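Undergrad: Structure in structure tokens, see below.
There are 2 protein chains.
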Amino acid sequence: MGHLSITEENYLKSILKLSEHNHTKIGTNEIAYEINISAASVSDMLKKLADKKLIIYQKYYGVKLTKTGEQYAKNLVRKHRLWEVFLTQKLQFSWDEVHDLAEQLEHVKGDDMINRLEKFLGNPKFDPHGDPIPDNKGNIVVRKQQLLIELKKGEKAVIIGVKDTAATFLQFLDSIKISLGTKFTVIGVVIYDHSMQLKLQDGRELMLSQQVCSNIYVSS
Amino acid sequence: MGHLSITEENYLKSILKLSEHNHTKIGTNEIAYEINISAASVSDMLKKLADKKLIIYQKYYGVKLTKTGEQYAKNLVRKHRLWEVFLTQKLQFSWDEVHDLAEQLEHVKGDDMINRLEKFLGNPKFDPHGDPIPDNKGNIVVRKQQLLIELKKGEKAVIIGVKDTAATFLQFLDSIKISLGTKFTVIGVVIYDHSMQLKLQDGRELMLSQQVCSNIYVSS
DNA sequence: TTCGTAATTTAGTCTTGTCTAAAAAATAAT
DNA sequence: ATTATTTTTTAGACAAGACTAAATTACGAA
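Chains as they are written, first to last, in numbering that gives the first Met the number 0: chain A, 0 to 219; chain B, 0 to 219.
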């Protein structure tokens with residue numbers, strides 16, 4: 000399992016990402032859309048990754064990561080999320096600014112460095128968006144979490160993550176002073192458009208659209 | 000001044016490095032040797048860098064960095080050295096381990112990140128090998144420094160840097176417990192082979208070969 | 001079942017950055 | 001000053017990773 004190119008790493012990462020929601024095999028087009036590359040190019044690359052035993056690939060039938068490929072991809076996610084923690088916790092970046100930098104940092108080789116970084120950061124288990132950080136074996140802590148939208152009137156919960164990590168969304172949450180750890184009670188759900196009215200710990204009351212509520216993870 | 004590829008950055012860096020010792024124009028072969036690439040490839044690349052106004056290049060006459068090119072190259076050095084400080088100071092790497100990692104980290108784009116990193120590290124002025132860190136304008140602190148080999152019997156000085164940063168050399172220094180900041184007096188110079196005998200601050204006496212003394216910077 | 005559309009792969013190019021071999025220019029030596 | 005040698009550049013090829021256009025396969029609908 001030598002070194003892969005940045006390009007190859009990006010393919011593995013996007014296949015892992017797609018696998019998480021889509022339990023069946025992943026199609027060429029899906030990958031192409033995910034990383035913004037033509038389907039033809041993806042098709043080429045899949046052959047190469049299959050030669051390297053990183054994916055199982057059968058022409059016209061889609062792909063799946065091998066154990067090796069999955070391990071490699073999870074390590075990339077680990078690196079990405081640890082660097083994100085570093086950028087927010089140590090360099091004071093806000094959660095909407097760290098993605099692109101981490102996207103570069105994750106390709107720096109050196110597992111020893113990452114293990115030391117993890118320790119330096121105090122062995123964090125979640126990144127600034129609430130996503131879990133795999134350990135150096137690829138294990139991921141699973142939390143019971145649900146989407147805010149699934150809560151009913153009267154339920155209490157705490158915000159533990161975001162599904163959408165787009166800068167605009169994160170900046171919006173900042174602007175209404177909502178962050179990970181914010182506690183609240185659902186005090187109303189509008190039948191018409193499924194907006195939700197929350198009462199926050201600090202006393203503020205807030206109305207959030209269905210779309211916003213569909214992109215926030217909570218825990219009770 | 001958009002983004003350059005890692006390859007282009009490496010050329011600029013090696014041209015800057017060669018410029019420091021060699022005040023005249025730099026030859027194609029020198030660069031080729033420095034970055035371990037054929038002279039033909041270097042010749043190709045020099046044309047591209049000249050098109051981008053990063054170097055002054057005249058066929059058969061060698062190259063020189065433009066102001067823009069020099070700025071860019073110094074920024075790479077800045078990034079390299081700040082990451083080295085991070086790796087030693089925060090992640091507890093030793094000075095012989097940080098070069099290859101910094102070689103990768105220096106190519107991560109994001110000047111804002113580097114400025115924040117600098118501040119996070121406490122605005123260090125020198126890297127773990129004693130080399131100066133350029134500020135974000137490219138200015139470099141100059142110290143009066145000389146090589147240990149130039150000292151005479153009876154002179155007192157302090158070690159402030161190393162000229163050779165090869166891992167084997169650095170590990171040797173570690174093994175004899177010499178590091179930046181070590182204070183000493185020259186108590187003897189062997190005529191025959193120019194070995195030098197030092198008495199360290201802690202009372203130890205030490206004999207160092209001419210080669211070792213030629214690769215240590217000191218200040219009095 | 002067969003026909004049409006969508007998904008996927010193949011074929012052929014392009015760019016970047018590398019190489020070797022050969023040509024051209026500069027430099028050194030007689 | 002004229003060779004000989006070294007340095008540098010040009011020419012032609014190659015691999016990685018991308019593209020478009022065309023061909024092929026799979027699958028849903030009639």
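Glycine is no exception: its CB is placed at the ideal position from the N, C-alpha and C atoms. All values derive from a computational prediction rather than experimental measurement.
Per the DSSP calculation, SER13 of chain B is bridged to which residue(s)?
TA: According to DSSP, which records beta bridges pairwise, SER13 of chain B is partnered with nothing at all.
Undergrad: Could one say the Cβ of LEU205 of chain A lies closer than 8 Å to chain B's Cβ atoms, at least one of them?
TA: Not one chain B Cβ lies under 8 Å of LEU205 of chain A.
Undergrad: Helix or strand or just coil, what does DSSP make of GLN145 of chain A?
TA: Looking at GLN145 of chain A - three-state DSSP - the assignment turns out to be strand.
Undergrad: Could you please tell me which residues of the segment 89-114 of chain A, in chain order, have their CB closer than 9 Å to any CB of chain B?
TA: Those would be LYS89, LEU90, GLN91, PHE92, GLU96, ASP99, LEU100, GLN103, LEU104, HIS106, VAL107, LYS108, GLY109, ASP111 and MET112, in chain order.
Undergrad: Kindly indicate the opening and closing residues of the alpha helix (DSSP H) around GLN220 of chain A.
TA: With chain A covering 0 to 219 only, the question about residue 220 of chain A has no answer from this structure.
Undergrad: Name, please, each residue of chain A whose Cβ falls closer than 9 Å to the Cβ of LEU116 of chain B.
TA: Going along chain A in sequence order, the residues near LEU116 of chain B (Cβ under 9 Å) are LYS89 and LEU90.
Undergrad: Enumerate in chain order the residues of its own chain whose CB-to-CB distance from ILE177 of chain B is below 7 Å, with the five nearest sequence positions on each side excluded.
TA: Correct list, in chain order: ILE158.
Undergrad: Of all the options A:TYR56, A:TRP82, A:GLU69 and A:ALA38, which has the alpha carbon lying nearest to the alpha carbon of SER18 of chain A?
TA: With distances taken between Cα atoms, SER18 of chain A lies closest to A:GLU69.
Undergrad: Per the DSSP calculation, GLN196 of chain A is bridged to which residue(s)?
TA: According to DSSP, GLN196 of chain A bridges with A:GLY187 and A:MET206.
Undergrad: Quick check on this structure: which residue in A:VAL97, A:TYR71, A:LEU146 and A:ILE25 has the alpha carbon closest to the alpha carbon of GLY109 of chain A?
TA: Comparing Cα-Cα distances from GLY109 of chain A to each of A:VAL97, A:TYR71, A:LEU146 and A:ILE25, the minimum goes to A:TYR71.
Undergrad: Residues in the same chain with beta-carbon distance under 6 Å from ALA49 of chain B, minus the five sequence neighbours each way, listed in chain order, please.
TA: Excluding positions up to five away in sequence, the list reads TYR56.
Undergrad: Going by beta-carbon coordinates alone, are VAL62 of chain A and GLN145 of chain A separated by less than 8 Å?
TA: Contact: no.
Undergrad: Can a CB atom of chain B be found closer than 8 Å to the CB of PHE119 of chain A?
TA: At least one chain B Cβ lies under 8 Å of PHE119 of chain A.
Undergrad: Helix, strand or coil: how does DSSP classify ILE25 of chain B here?
TA: DSSP places ILE25 of chain B in strand when its eight states are reduced to three.
Undergrad: Please state the DSSP three-state secondary structure of GLY68 of chain A.
TA: If DSSP states are grouped into helix, strand and coil, GLY68 of chain A belongs with the helices.
Undergrad: Drop a sphere of 10 angstroms on the beta-carbon of GLY121 of chain B, count the other beta-carbons inside from all chains shown, and report buried for 16 or more, exposed for fewer.
TA: With fewer than 16 other Cβ atoms within 10 Å, it is exposed.
Undergrad: Would you call MET206 of chain A buried or exposed, if buried means 16 or more other Cβ atoms sit within 10 Å of its Cβ?
TA: With fewer than 16 other Cβ atoms within 10 Å, it is exposed.
Undergrad: If you drop the 5 nearest sequence neighbours on each side, which residues of the same chain put their C-beta closer than 8 Å to that of LYS118 of chain A?
TA: Taken in chain order, the list of residues that qualify is empty.
Undergrad: In terms of alpha-carbon separation, which member of B:HIS79, B:GLY153, B:GLY1 and B:LYS143 lies closest to PRO127 of chain B?
TA: Nearest C-alpha to PRO127 of chain B: B:HIS79.
Undergrad: Which residues in the same chain as ILE54 of chain B place their Cβ atom closer than 7 Å to its Cβ, once the five residues preceding and following it in sequence are excluded?
TA: Cβ within range, chain order: ILE14, LEU45, LEU48, VAL62, LYS63, LEU64, THR65 and GLY68.
Undergrad: Starting from GLN103 of chain A, follow the alpha helix (DSSP H) in both directions and report where the run begins and ends.
TA: Here the alpha helix (DSSP H) through GLN103 of chain A covers 97-104.
Undergrad: Name the DSSP bridge partner or partners of ILE55 of chain A?
TA: For ILE55 of chain A, which the question treats as bridged, DSSP gives the partners A:LYS63.
Undergrad: Do ARG115 of chain A and GLN91 of chain B have their CB atoms nearer than 8 Å?
TA: The answer is yes: Cβ separation under 8 Å.
Undergrad: So which of B:LYS151, B:ARG77, B:LEU172 and B:ASN35 has the shortest CA-CA distance to THR184 of chain B?
TA: Among B:LYS151, B:ARG77, B:LEU172 and B:ASN35, the Cα nearest to that of THR184 of chain B is on B:LYS151.
Undergrad: Looking at GLY160 of chain B: is its Cβ nearer than 8 Å to the Cβ of LEU147 of chain B?
TA: Not closer than 8 Å, so no.
Undergrad: Quick check: what's the CA-CA separation for SER93 of chain B versus MET195 of chain A?
TA: The alpha-carbon atoms of SER93 of chain B and MET195 of chain A are separated by roughly 54 Å.
Undergrad: With a 10 Å radius around its C-beta and 16 neighbouring C-beta atoms as the bar for buried, classify ILE190 of chain A as buried or exposed.
TA: The residue in question, ILE190 of chain A, is exposed, as its Cβ has fewer than 16 Cβ neighbours within 10 Å.
Undergrad: Between which two residues does the beta strand (DSSP E) harbouring SER218 of chain A extend?
TA: Counting along the chain, the beta strand (DSSP E) containing SER218 of chain A begins and ends at 215-218.
Undergrad: With a threshold of 7 Å on Cβ separation, who are the neighbours of GLU7 of chain B within its own chain once the five nearest residues in sequence on each side are excluded?
TA: For GLU7 of chain B, where only same-chain residues beyond five positions count, the Cβ hits under 7 Å are LEU48.
Undergrad: In angstroms, rounded to a whole number, what distance separates the CA positions of ASP130 of chain B and GLN88 of chain A?
TA: Near 28 Å, if we compare the C-alpha coordinates of GLN88 of chain A and ASP130 of chain B.
Undergrad: Take SER42 of chain B and list the residues in its own chain whose beta-carbon comes closer than 8 Å to its own, dropping the five residues that flank it on each side.
TA: The answer, listed in chain order, is THR27.
Undergrad: Reducing DSSP to helix, strand and coil, say where ILE5 of chain A ends up.
TA: Note: ILE5 of chain A maps to helix in three-state DSSP.
Undergrad: Apart from the five residues just before and just after CYS212 of chain B, which ones in its own chain have a Cβ nearer than 6 Å to its Cβ?
TA: These residues qualify, in order along the chain: LEU147, ILE148 and MET195.
Undergrad: When DSSP labels each residue in this structure, what does ILE175 of chain B get in the three-state scheme?
TA: Coil, per DSSP.
Undergrad: Pick out whichever of A:LYS51, A:GLY153, A:LEU11 and A:LEU172 has its Cα sitting closest to the Cα of LYS162 of chain A.
TA: If we check each option's Cα against that of LYS162 of chain A, A:LEU172 comes out closest.
Undergrad: Locate the alpha helix (DSSP H) running through VAL295 of chain A, then write down its first and last residues.
TA: Because chain A here runs from 0 to 219, residue 295 of chain A falls outside it and cannot be looked at.
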